[in-house]
Structures are given as structure tokens and as C-alpha cells.
Amino acid sequence: MTAAITVSERAARRIGEILKSEGHGAMLRISVEGGGCSGFQYKFDVDHAKAEDDLVIAREGAVVLVDPASVPFLAGSEVDFVDDLIGASFRVVNPNATASCGCGTSFSI
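Residue numbers (my numbering): 1161 to 1269.
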């Protein structure tokens, strides 16, 4: 399944900053797993290995990996980085989510 998952310019810059400190070949892995207060939650990890079936999103030197099981949950989403009064964090703007929690890391479909 080919899905348009995008990374905003702000997120790409921040991901690039984080990955520089993680060493050569570091990539950001975004996955969806069961849990959280709404049923599913986003997970962000630094990874140094890419699986053959990972979706690879590259922008401005930042490389994001999404495993095939998570792609349908993230189809059409944009990964953004926001820095506001609540704090700085990555946010996934997901058109598939029918509800989400206040922290923005948990959602339901």
C-alpha cells in the first residue's frame, strides 16, 4: 500500500537535529501500537536499521521509517513539530483518527 505520509519542514529540521546527535545512519522510526487512552498510540524511536518493507520518507536530510503494519493507520498523515506553551513535541495530524486524547499521542479510528 502506497500512502502519502508527509513530514513538515519544521519536523524535518528537528528530526535532522536529533539524528545528528545519534550518529551516522540514524533514522527516526514512527509506529502505531495498541494502547494509550484512545486505543492506539504513536511511538517515536531512533533506529539504525531499515527493514526491506519499511516505508522510507526523506526530507532535508531527515529519514523517517514507517513499518508496513503502521502505514494504514498513518495514511494521509503529516508529521509536524510544534513548540508552544505546552511544550515542544512531534504531532501527527492524522485524517484517519476519529478521536484523540488531549496529549495528542493517542487516537482511535
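C-beta: ideal position from N, C-alpha, C; glycine also.
Reduced DSSP secondary structure (H/G/I, E/B, other) of E1182 | In the sequence shown, the residue the question calls residue 1182 occupies position 22. Looking at E1182 - three-state DSSP - the assignment turns out to be coil, as it is neither helix nor strand.
Looking at the structure shown, is E1148 part of a helix, part of a strand, or coil, going by DSSP?
-> No answer is possible for residue 1148: it lies beyond the span of the chain, which begins at 1161 and ends at 1269.
Please report how far the alpha carbon of Q1201 lies from the alpha carbon of N1256, in whole angstroms.
-> As a working mapping, residue 1201 is identified with position 41 in the sequence shown. As a working mapping, residue 1256 is identified with position 96 in the sequence shown. Here the C-alpha atom of Q1201 lies approximately 13 angstroms from the C-alpha atom of N1256.
Measuring alpha carbon to alpha carbon, tell me which of S1191, E1169, K1203 and G1221 ends up nearest D1214.
-> Locating residue 1214 in the sequence shown gives position 54, where the first residue counts as 1. When each option's Cα is compared against that of D1214, the closest is S1191.
Check whether L1188 and A1222 have beta carbons under 9 angstroms apart = Within the sequence shown, residue 1188 is the residue found at index 28, counting from 1. Within the sequence shown, residue 1222 is the residue found at index 62, counting from 1. In terms of Cβ geometry, L1188 and A1222 form a close pair [threshold 9 angstroms].
To the nearest angstrom, report how far apart D1209 and T1258 are at their CA atoms.
-> Here residue 1209 is taken as the residue at index 49 of the sequence shown, counted from 1. Here residue 1258 is taken as the residue at index 98 of the sequence shown, counted from 1. The residue asked about is misnamed: residue 1209 is Ala in this sequence, not Asp. Looking at the two C-alpha atoms, the distance is approximately 32 angstroms.
For G1176, three-class secondary structure by DSSP = For the purposes of this step, residue 1176 is taken as the residue at position 16 of the sequence shown. DSSP places G1176 in the helix class (H, G or I) of the three-state scheme.
Where are the alpha helix (DSSP H) runs, 4 residues long or more, that stay fully inside the segment 1191-1234, in chain order?
-> Within the segment 1191-1234, the runs of alpha helix (DSSP H) at least 4 residues long that lie entirely inside it are, in chain order, 1231-1234.
Beta-carbon proximity check, V1167 vs R1219, cutoff 9 angstroms | The residue labelled residue 1167 in the question sits at position 7 within the sequence shown. The residue labelled residue 1219 in the question sits at position 59 within the sequence shown. In contact: V1167 and R1219 (Cβ atoms closer than 9 angstroms).
Which same chain residues, not among the five before or five after A1186, have their C-beta less than 7 angstroms away from its C-beta?
-> For the purposes of this step, residue 1186 is taken as the residue at position 26 of the sequence shown. The answer, listed in chain order, is L1179, V1206 and H1208.
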